[in-house]
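Below you'll find the structure, written out as structure tokens, and then a few comments.
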Amino acid sequence: MPMRALFLLVVATGVALSSLAGAQDQPRQVTITVDPAKPGPTISPYLYGQFIEHLGRCIRQGIWAEMLRDRKFLQEPGKSWKVQKAEGADFEVYLDPAAAYAGEHGMALRLKGTASGPCGVQQTGLGVVAGKEYAGYAVLAWQGSKAPVSVTLRWGDGPGDAQTVQLEPGPVYRKLPFRFKAARTSDDATLSIALTSPGCLWIGCVSLMPADNIRGMRADTLELVKQIAPPITRWPGGNFVSGYNWRDGIGDRDRRPPRWERAWNDIEDNDFGLDEFLDFCGEVKTEPYICVNAGLGSARDAADEVEYANGSARTPMGALRTANGHPRPYGVVWWGVGNEMYGDWQLGHIPVERYAERHNAFVAAMRERDPSIKIVAVGAPGPWNDTLLARCAGHLDLLSGHHYSQRGLRMPLSEQDMTKYAQQWPGYSASVAAGIRTIVQDFRNRMDKGDRPLGQLRLAVDEWGIVRDWNPAPDGPGIGSFEHYYCLGDAIAAARGLHEILRNADVIGMANWAQLVNVIATIKTSRTEVSMDPVGYVLAVYGGNLRGTFIPVEAPKDVPLDVVAARDTATNELAVAIVNYSLTEDVNVELAIPGGVERSSLVWRIQGRSYADTNVPGQPEKVTLRPSRGVMLPGELEVPRHSIVVVRYSTGKR
Numbered sequence: 001m002p003m004r005a006l007f008l009l010v011v012a013t014g015v016a017l018s019s020l021a022g023a024q025d026q027p028r029q030v031t032i033t034v035d036p037a038k039p040g041p042t043i044s045p046y047l048y049g050q051f052i053e054h055l056g057r058c059i060r061q062g063i064w065a066e067m068l069r070d071r072k073f074l075q076e077p078g079k080s081w082k083v084q085k086a087e088g089a090d091f092e093v094y095l096d097p098a099a100a101y102a103g104e105h106g107m108a109l110r111l112k113g114t115a116s117g118p119c120g121v122q123q124t125g126l127g128v129v130a131g132k133e134y135a136g137y138a139v140l141a142w143q144g145s146k147a148p149v150s151v152t153l154r155w156g157d158g159p160g161d162a163q164t165v166q167l168e169p170g171p172v173y174r175k176l177p178f179r180f181k182a183a184r185t186s187d188d189a190t191l192s193i194a195l196t197s198p199g200c201l202w203i204g205c206v207s208l209m210p211a212d213n214i215r216g217m218r219a220d221t222l223e224l225v226k227q228i229a230p231p232i233t234r235w236p237g238g239n240f241v242s243g244y245n246w247r248d249g250i251g252d253r254d255r256r257p258p259r260w261e262r263a264w265n266d267i268e269d270n271d272f273g274l275d276e277f278l279d280f281c282g283e284v285k286t287e288p289y290i291c292v293n294a295g296l297g298s299a300r301d302a303a304d305e306v307e308y309a310n311g312s313a314r315t316p317m318g319a320l321r322t323a324n325g326h327p328r329p330y331g332v333v334w335w336g337v338g339n340e341m342y343g344d345w346q347l348g349h350i351p352v353e354r355y356a357e358r359h360n361a362f363v364a365a366m367r368e369r370d371p372s373i374k375i376v377a378v379g380a381p382g383p384w385n386d387t388l389l390a391r392c393a394g395h396l397d398l399l400s401g402h403h404y405s406q407r408g409l410r411m412p413l414s415e416q417d418m419t420k421y422a423q424q425w426p427g428y429s430a431s432v433a434a435g436i437r438t439i440v441q442d443f444r445n446r447m448d449k450g451d452r453p454l455g456q457l458r459l460a461v462d463e464w465g466i467v468r469d470w471n472p473a474p475d476g477p478g479i480g481s482f483e484h485y486y487c488l489g490d491a492i493a494a495a496r497g498l499h500e501i502l503r504n505a506d507v508i509g510m511a512n513w514a515q516l517v518n519v520i521a522t523i524k525t526s527r528t529e530v531s532m533d534p535v536g537y538v539l540a541v542y543g544g545n546l547r548g549t550f551i552p553v554e555a556p557k558d559v560p561l562d563v564v565a566a567r568d569t570a571t572n573e574l575a576v577a578i579v580n581y582s583l584t585e586d587v588n589v590e591l592a593i594p595g596g597v598e599r600s601s602l603v604w605r606i607q608g609r610s611y612a613d614t615n616v617p618g619q620p621e622k623v624t625l626r627p628s629r630g631v632m633l634p635g636e637l638e639v640p641r642h643s644i645v646v647v648r649y650s651t652g653k654r
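Numbering-wise (my numbering), the sequence shown opens with residue 1 and increments by one.
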């Protein structure tokens with residue numbers, strides 16, 4: 001059942017480190033007053049948004065189900081695809097422009113004479129599960145006498161640890177399907193394409209996915225995304241977007257050209273493009289927010305992208321979308337003009353004066369195609385925002401601001417790191433909120449000047465989260481690079497940041513956690529498994545409960561509590577979120593609610609043995625979600641050390 005419907009109360013708690021044993025035995029007694037009769041600003045539903053980027057395994061091996069790397073052969077043989085050569089065989093493998101199918105070339109396998117064994121190419125490091133089926137295909141052409149081509153999936157070293165399918169390609173490219181069923185679970189399976197007869201085999205592309213994929217997307221990942229239920233999702237970047245040509249990602253996936261992606265230095269197969277993203281949004285019921293390339297792209301490119309998404313079938317780009325199998329316009333409302341154009345790490349980085357001119361030109365071209373779209377501009381606290389707002393007022397609906405809290409400790413924490421984490425905790429636990437507060441205060445200062453026609457302009461914190469560093473981490477618990485695993489303590493820091501966003505609901509119109517899957521994300525995957533990150537649980541619970549109208553709270557200032565509340569005007573229910581960010585002190589809270597409440601709802605608990613606990617795919621969950629009875633009022637609510645409590649009450653008739 002979706003978490004948005006289920007998470008009516010959450011307690012995220014853990015057992016203090018052994019070095020912290022001996023903390024006080026008796027919890028402190030605290031009273032917190034929440035008065036629904038004193039409403040604050042309306043909470044935008046977009047505050048619980050997410051962000052996905054073509055970085056690391058966010059898309060590939062995260063959302064997208066393709067198992068093969070470089071399936072359209074951008075790199076030379078020997079890198080993603082290893083050469084398999086029988087002893088003494090006269091055999092070569094090379095990239096051949098004459099074999100071009102997607103991009104500039106295909107892969108050629110040429111065997112002269114007979115061979116004592118298979119000669120071909122293979123890719124290792126694939127994950128398969130016993131009893132699960134895998135479906136794929138290869139686009140092949142054969143020059144020579146008629147002979148079969150062997151495609152083998154191997155999951156072990158024994159004679160029975162493989163399945164082989166024989167394909168018979170002809171003289172021109174044909175798409176030939178194959179299907180396997182793994183008999184054993186392996187994290188290092190191999191797919192091989194081999195020939196034994198003389199001739200030349202051209203390979204245009206190859207694909208292999210779990211057979212249970214949902215239109216190319218991982219079924220297990222989608223299940224957890226639906227539990228988080230993000231109201232809006234930003235794509236495709238991020239730094240990635242400034243070198244991205246959206247046209248590379250439309251049409252027949254097998255014909256889309258592979259590219260070397262310059263922002264993160266990786267292969268981009270272009271299998272997950274605009275149509276796939278919007279299909280993803282429809283599947284998980286999230287609203288799309290598309291960022292256009294304002295780095296190396298043009299205003300016309302951006303306008304064409306808007307028309308492709310939103311134009312009727314009578315427009316040139318709408319006709320192209322229809323030809324690609326999507327006759328109905330998508331109706332995408334939110335569009336961002338570039339990403340972090342102030343940074344020298346950004347492809348196409350320019351000074352703010354030039355960006356302001358570029359932004360206005362992009363918006364004019366994009367709104368000419370669809371006047372109803374809403375625009376997010378690149379913002380940054382300080383002089384950048386001063387210049388941008390002075391020149392772009394009236395050409396934007398939201399101004400972006402990004403914040404990442406830095407933390408140098410990797411997961412899992414060593415005993416030494418756990419001690420260091422505890423020592424840094426007072427500052428670290430508040431760091432996310434402090435960074436968001438800086439962005440918000442800068443924005444408020446500019447709004448208070450009152451010398452620009454800014455109207456109802458609001459802030460979009462469309463990237464926020466926690467990072468350890470931006471260097472690859474192949475030694476971490478995940479697979480690939482940039483893997484950031486969050487622990488229960490990180491979830492507390494994230495919750496405090498979310499509290500700061502909610503307190504400023506009058507000026508923040510959107511917030512997007514970076515990212516949704518893998519890298520610095522709320523969901524983690526391996527080649528064969530998936531798990532919910534503790535931060536994912538927090539965002540799902542808050543999004544399902546703290547909505548409607550923000551309600552101010554009165555709490556003592558000398559206790560380690562961070563408290564927010566909201567009243568859902570649709571259901572007339574009251575939700576209160578309490579973070580105990582102490583590592584040593586338990587607190588019992590009495591909620592004083594003038595007018596009282598009729599009842600409480602179900603209780604859900606996220607528990608871990610330690611605040612350093614995390615969840616890793618394929619391993620038993622250390623941070624778990626468990627239900628319990630509701631908490632009635634009047635009465636005390638237990639808020640243990642390093643914990644989060646969200647409680648929801650009915651306040652009477654609707």
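The beta-carbon is built from N, C-alpha and C at its ideal position, and this holds for glycine as well.
These numbers were taken from a predicted model, which means no experiment stands behind them.
- Checking the DSSP bridge columns, you'll see residue 90 partnered with 112.
- Sorting 583, 576, 468, 366 by C-alpha distance to the C-alpha of residue 419 places 583 at the top.
- Residue 263 is positioned such that its CB atom lies no closer than 9 Å to that of residue 358.
- Residue environment: residue 94 is assigned as exposed (fewer than 16 neighbouring CB atoms within 10 Å of its CB, all protein chains considered).
- With contacts defined by Cβ atoms closer than 9 Å, residue 421 and residue 489 form a contacting pair.
- The C-beta distance from residue 101 to residue 200 rounds to 15 Å, too long to meet the 8 Å contact threshold.
- Between residue 326 and residue 312, the alpha-carbon positions lie close to 11 Å from each other.
- When DSSP states are grouped into helix, strand and coil, residue 272 belongs to the coil group.
- Contact between the stretch 128-147 and the stretch 224-236 is not established, with fewer than three Cβ pairs separated by less than 8 Å.
- The C-beta separation of residue 546 from residue 566 comes to about 4 Å, placing the pair in contact by the 8 Å criterion.
- With respect to the 9 Å criterion, residue 243 and residue 177 are not classified as neighbours on the basis of their beta carbons.
- Here the stretch 507-519 lies against the stretch 44-55, with 3 or more beta-carbon pairs under 8 Å apart.
- Here the alpha carbon of residue 70 sits roughly 26 Å from the alpha carbon of residue 485.
- Under the 10 Å beta carbon count, residue 622 is surrounded by 16 or more other beta carbons and is classified as buried.
- Linking residue 334 to residue 202 through their CA atoms gives a straight-line distance of about 43 Å.
- With a cut-off of 8 Å on Cβ pairs, the stretch 608-615 is not in contact with the stretch 548-561, counting fewer than three such pairs.
- The bridge partners DSSP lists for residue 132 come to none.
- With fewer than 16 other CB atoms across the displayed protein chains lying within 10 angstroms of its CB, residue 265 is exposed.
- In the three-state DSSP reduction, residue 510 falls in the strand class (E or B).
- Residue 525 has its alpha-carbon roughly 34 Å from the corresponding atom of residue 195.
- It is roughly 20 Å from the alpha-carbon of residue 173 to the alpha-carbon of residue 92.
- With 16 or more other CB atoms across the displayed protein chains lying within 10 angstroms of its CB, residue 85 is buried.
- Residue 561 sits away from residue 590, with the two beta carbons spaced by 9 Å or more.
- Straight through space, the alpha carbons of residue 89 and residue 111 are spaced by roughly 8 Å.
- When the alpha-carbon of residue 56 is set against those of 239, 641, 257, the nearest one is in 239.
- In the DSSP assignment, residue 541 falls outside any beta strand (DSSP E) and within the unbroken alpha helix (DSSP H) covering 534-545.
- Burial check for residue 72: the Cβ neighbour count within 10 Å reaches 16 or more, so the residue is buried.
- Between residue 106 and the set 290, 506, 257, the nearest pair of CA atoms involves 257.
- Two segments are said to touch when three or more pairs of C-beta atoms, one from each, lie closer than 8 Å; by this definition the stretch 348-366 does not touch the stretch 265-277.
- Assigned with DSSP and collapsed to three states, residue 404 falls in strand.
- In this structure, residue 389 lies near residue 399, with their beta-carbon atoms less than 9 Å apart.
- As summarised for the stretch 316-370, the continuous alpha helix (DSSP H) elements at least 4 residues long and confined to that stretch are 316-323, 352-369, given in chain order.
- The Cβ-Cβ distance between residue 507 and residue 444 falls below 9 Å.
- Note: residue 163 is bridge-paired with 153 in the DSSP secondary-structure output.
- The beta carbons of residue 592 and residue 32 sit about 7 Å from each other, so the pair counts as a contact at 8 Å.
- Looking at the backbone, the Cα of residue 530 and that of residue 125 are separated by about 17 Å.
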